[in-house]
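Read through the structure below, which is laid out as structure tokens, and then see the notes.
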Amino acid sequence: MSQDIERLASFGKLVIRQKQELAELIGFETRNRYEITDESARPVLYAAEQGKGFLGLVARGFFGHWRKFEVHIFNPVRELVMVARHPFRWFFQRLEVFGADGQLIGALQQRFSVFSKKFDVEDASGRVMLTVNSPLFSLWTFRFLEAGREVAVVTKKWGGLLTELFTDKDQFLVDFQAGKLTAPQRAIMIASAIFIDLQYFEHKANN
């Protein structure tokens with residue numbers, strides 16, 4: 001496990017801010033980029049969706065959150081820390097998280113649910129470590145549970161009426177509530193927050 005991933009164990013909370021590009025202001029979906037900071041706004045990581053160019057633009061515009069995508073996550077000196085990969089799927093979305101060495105860290109797997117959003121957090125061997133639940137009446141809150149006990153929360157923060165209606169400039173708080181969370185678990189949670197944005201909040205600008 002890299003030092004950058006191990007370092008995640010030292011943070012109680014992280015803020016993920018989407019960085020808006022000029023094209024989004026005129027109604028075009030561009031590749032997504034994020035800055036990940038501590039509570040004092042000091043940079044911890046950066047993330048960028050790969051696949052720019054015309055084909056990437058078409059995939060984002062036509063297939064939306066079902067599309068195949070890959071997000072690279074870097075440290076402040078632009079060294080690769082981990083990669084999150086989402087295969088093309090119509091149903092039961094999945095996100096796999098890899099270290100910079102290509103080794104699988106774990107995955108987020110969607111589960112069937114009628115009235116809420118539910119996922120399993122798997123380790124590298126496929127064992128379920130945690131579950132994720134976002135109830136119908138808490139659409140912006142994703143609770144990570146271990147044996148039914150809340151250990152972390154990813155929350156989308158309100159950005160103001162105009163921002164929420166017309167842009168994709170989203171902000172999330174990742175609150176690591178349990179100190180015993182492992183570095184791989186925290187890495188998957190960070191990748192999951194970006195996945196949540198791409199899955200559920202990406203297309204406001206085009207709407």
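According to the working numbering, the stretch in the sequence shown is residues 1 to 207, in order.
We put the beta carbon where it would ideally sit given N, CA and C, even for glycine.
**Asked** Got a sec, what are the start and stop residues for the beta strand (DSSP E) P87 sits in?
**Response** Element bounds for P87: n/a, residue is neither H nor E.
**Message:** Between the alpha carbons of S116 and F142, how many angstroms are there, rounded?
**Reply:** 10 angstroms
**Prompt:** Helix, strand or coil for D197 per DSSP?
**Reply:** helix
**Item:** Collapsed DSSP secondary structure at L139 in the structure displayed
**Value:** coil
**Message:** Using the three-state DSSP reduction, which class does S134 fall into: helix, strand or coil?
**Reply:** strand
**Message:** Once DSSP output is grouped into helix, strand and coil, what is the label at Q171?
**Reply:** strand
**Message:** Can you give me the C-alpha to C-alpha distance between R78 and V114, rounded to a whole angstrom?
**Reply:** 41 angstroms
**Prompt:** Would you call the CB atoms of Q171 and R17 closer than 7 angstroms?
**Reply:** yes
**Asked** Short check: CB of P43 to CB of K68, under 7 angstroms?
**Response** no
**Request:** Mark F119 as exposed unless 16 or more other C-beta atoms lie within 10 angstroms of its C-beta, in which case mark it buried.
**Result:** buried
**Assigned exposure category for P76 - 16 Cβ within 10 Å defines buried** = exposed
**Prompt:** Q3 to G99, Cα distance in whole Å?
**Reply:** 11 angstroms
**Prompt:** For I196, which residues from the same chain have a beta carbon less than 8 angstroms from its beta carbon, with the 5 sequence-adjacent residues on both sides left out?
**Reply:** F142, V154, K156 and F172
**Asked** Cα separation between S10 and A187?
**Response** 12 angstroms
**Prompt:** If you draw a straight line from the C-alpha of A183 to the C-alpha of W90, how long is it?
**Reply:** 31 angstroms
**Item:** Neighbourhood of S192 by C-beta distance below 6 angstroms, restricted to the same chain and skipping five residues each side
**Value:** L108
**Request:** Would you kindly work out how many angstroms separate the C-alpha atoms of L22 and V174, rounded to a whole number?
**Result:** For L22, the pLDDT reaches just 44, beneath the cut-off of 50, and the residue's location in the model is therefore unreliable, leaving the point undetermined.
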